[in-house]
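Asks: Pasting a structure below so you can have a look.
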Amino acid sequence: MKVKSSIKSLKTRHAACQVVRRKGRVYVINKVDPRFKAKQG
């Protein structure tokens with residue numbers, strides 16, 4: 007999982023990337039290819 011201060015560029019890396027808020031944190035999840043997971047902060 008990548009950790010970046012801005013995840014705007016990470017959500018465009020793959021077509022199946024989704025931006026999700028969980029417990030006050032912003033995550034990028036990808037069920038097709040889990041390599042593209044990311045977290046902001």
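Quick note on this note's numbering: the sequence shown kicks off at 7 and runs consecutively.
For each residue, glycine too, the CB sits at the ideal point set by N, CA and C.
Using three-state DSSP, classify K14 as helix, strand or coil.
Replies: K14 falls in the coil class under three-state DSSP.
Asks: Report the partner residues of K45 according to the DSSP bridge assignment.
Replies: Answer is V9, Y33, bridged to K45.
Asks: Quick one, which of R31, A21, N36, D39 has its alpha-carbon nearest S12's?
Replies: Closest by alpha carbon: R31.
Asks: Pop quiz: K29 and N36 are said to be a contact at Cβ under 8 Å. What is the actual Cβ separation, rounded to whole angstroms?
Replies: No, K29 and N36 are not in contact; Cβ-Cβ is about 19 Å, not under 8 Å.
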